[in-house]
Amino acid sequence: MRLGRIAATFVAAVLAVSLLGLGVAADPGAPGSESSASAPGLQIILIADDRYTGSRRVPPPARAVRGIQSATFTVNWNPGSCTRPVASWPSGAQTAFLYAVSIWSSLIDSSVAIEVDACWVTDLAGNVLGSAGTKRIYADYGSFPYSGTWYAGALADSLEGIDLESSYAEIEANFNANRSDWYYGTDGNPGGSQYDFASVVLHELCHGLGFHGFAYVEVGLGYNLWYGYPAIYDRFTEDGNGLDLDTYANGSAALDNALRGQVGGGVYWFGAAGVAENGSSVVQLYSPSIWSSGSSYSHLGQSFNGTPHSLMTYSLSNGDSQHDPGAIVMGMLADMGWTVPVDVTIQKQVVGGGTNL
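In my numbering, the protein residues as written are 412 to 768.
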């Protein structure tokens, strides 16, 4: 049954912790159980990996290099809506941020401007480079391909062709202000002890565009609903035996096992476009045997480390830069409903004496 137009707040958490602070031990409730239909968010983070073994560079896509733009982003620096304490943005970080925005502007097609709240946060965990999420999620608008399914705000706006709630930004993105090892250049050449800030922004904006699921594990049980619905991301995931994860019982030990990769050897993406870009094979997602809140499930698997598709793995190595999401990620976004320009292709990676492990 279609339930009418529903919006929910999705506030990105910023620490690699469990959902204990949310008090969530089961599906939080059905849509409409609160008059505002608001919901707390899940952690979508990027971890710093300091196991430097050389450098690897993935250059930006040709469309970005040529300056072709098919979407518009606006950035709010440290607005009052930031959910964590902030410090002043360094000018170099702002330059790198806008460079990353220009890349995403060339890779997706939307007639509705995408507003980003960019927060230079002072209380992120030490090993967290950044976090992001969509500010609002929506279900059951007429243009949505799937009913009973949450869509990220930017994608929902794009599908509807209007800004569904202009009083909210589409994305909140948070970055660790306490690190002294950021590289703010846009040439993709960080030092061996530095983290490429533009790569981190690209990664987090991808989460804000909807590259995340709502399925999670807590206290030995797996959950696949968030206020009664899955995310559109969740509609394309399966266990290692090919069984859709949204067919598992919500709040079950069986789903816990599946989300931790214990059923058939992993968790995979089966959307047609993502599979096509992966050589007609399902796409491995990150599913460690011990659930890692904010990292598990909403990233590509470790098999993509050291490849042109590594931007959306769960960690970034020092000395590496990844300025292209890669064709697999772009295919996954297309599966979720994004319009992707037909000439979006991956670029050849440039390797500098090492691998990203």
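By construction, the Cβ of each residue, glycine as well, lies at the ideal position given by its N, Cα and C atoms.
Checklist entry - Excluding five sequence neighbours on each side, which residues of the same chain lie with their C-beta closer than 8 Å to the C-beta of residue 589? => result For the purposes of this step, residue 589 is taken as the residue at position 178 of the sequence shown. Closer than 8 Å at the Cβ level, and outside the excluded window around residue 589, lie 533, 535 and 537.
Next on the checklist: Quick check on residue 652: buried or exposed, where buried means 16 or more other Cβ atoms within 10 Å of its Cβ?
Outcome noted: By 1-based counting over the sequence shown, the position of residue 652 is 241. With fewer than 16 Cβ atoms within 10 Å of its Cβ, residue 652 is classed as exposed.
Next on the checklist: Measuring only from the beta carbon, is residue 509 closer than 7 Å to any heavy atom that is part of the ligand HEM?
Outcome noted: Of the ligands one can find in the structure shown there are none, so the ligand HEM has no counterpart to examine.
Item to check | Within the stretch 578–632, ranges of the beta strand (DSSP E) (whole runs, at least 3 residues) | outcome: 582–587 and 627–629
Checklist entry - Taking the alpha-carbon positions, what's the residue 522 to residue 511 distance? => result Translated into the one-based positions of the sequence shown, residue 522 becomes position 111. Translated into the one-based positions of the sequence shown, residue 511 becomes position 100. Roughly 19 Å separates the two Cα atoms.
Next on the checklist: For a test of the three-state rule: what should DSSP assign to residue 488, helix, strand or coil?
Outcome noted: Taking the first residue of the sequence shown as 1, we reach residue 488 at position 77. Strand, per DSSP.
Checklist entry - Based on Cα-Cα distance, which residue from 559, 606, 503 and 549 lies nearest to residue 461? => result On the sequence shown, residue 461 is found 50 positions in, with the first residue counted as 1. Taking only the C-alpha atoms, the option nearest residue 461 is 606.
Checklist entry - Helix or strand or just coil, what does DSSP make of residue 751? => result Here residue 751 refers to the residue found at position 340 of the sequence shown. Residue 751: coil per DSSP, three-state reduction.
Item to check | Which residues DSSP lists as bridging residue 530, in chain order | outcome: Locating residue 530 in the sequence shown gives position 119, where the first residue counts as 1. BP columns for residue 530 point to 585.
Checklist entry - With 16 as the cutoff for other CB atoms within 10 Å, does residue 477 come out buried or exposed? => result The residue labelled residue 477 in the question sits at position 66 within the sequence shown. Exposed: under 16 other Cβ atoms inside 10 Å.
Next on the checklist: So, for residue 745: in the same chain, excluding its five sequence neighbours on each side, which residues have a beta-carbon less than 6 Å away from its beta-carbon?
Outcome noted: As a working note, residue 745 is residue 334 in the sequence shown. Closer than 6 Å at the Cβ level, and outside the excluded window around residue 745, lie 684 and 751.
Next on the checklist: Contact defined as beta carbons within less than 8 Å: I believe residue 509 pairs with residue 611. What is the distance between those atoms, to the nearest angstrom?
Outcome noted: For the purposes of this step, residue 509 is taken as the residue at position 98 of the sequence shown. For the purposes of this step, residue 611 is taken as the residue at position 200 of the sequence shown. 14 Å between Cβ atoms; not a contact.
Next on the checklist: Which same chain residues end up closer than 6 Å to residue 661 when comparing Cβ atoms and leaving out the 5 residues on each side of it in sequence?
Outcome noted: Residue mapping note: residue 661 aligns to position 250 of the sequence shown, counting from 1. If we look at residue 661 and ignore the five residues flanking it on each side, its Cβ neighbours are 438, 634, 635 and 636.
Item to check | Nearest neighbour of residue 575, chosen from 715, 526 and 482 [CA to CA] | outcome: To locate residue 575, count along the sequence shown from 1; it is residue 164. For residue 575, the nearest C-alpha among the options comes from 526.
Checklist entry - Is there contact between the stretch 548–561 and the stretch 466–481, where contact requires at least three CB pairs shorter than 8 Å? => result no
Checklist entry - In the structure shown, what three-state DSSP assignment does residue 697 receive? => result Against the sequence shown, residue 697 aligns to sequence position 286. DSSP places residue 697 in coil when its eight states are reduced to three.
Next on the checklist: Below 8 Å, how does it come out for the stretch 484–501 and the stretch 714–725: are there three or more Cβ pairs, yes or no?
Outcome noted: no
Checklist entry - How far does the alpha helix (DSSP H) with residue 514 in it reach, from first residue to last? => result Here residue 514 refers to the residue found at position 103 when the sequence shown is read from its first residue. Where residue 514 is concerned, the enclosing alpha helix (DSSP H) stretches over 502–518.
Checklist entry - CB-CB under 6 Å to residue 700, same chain, minus the five flanking residues each way: which ones, in chain order? => result For the purposes of this step, residue 700 is taken as residue 289 along the sequence shown, with counting starting at 1. Correct list, in chain order: 671.
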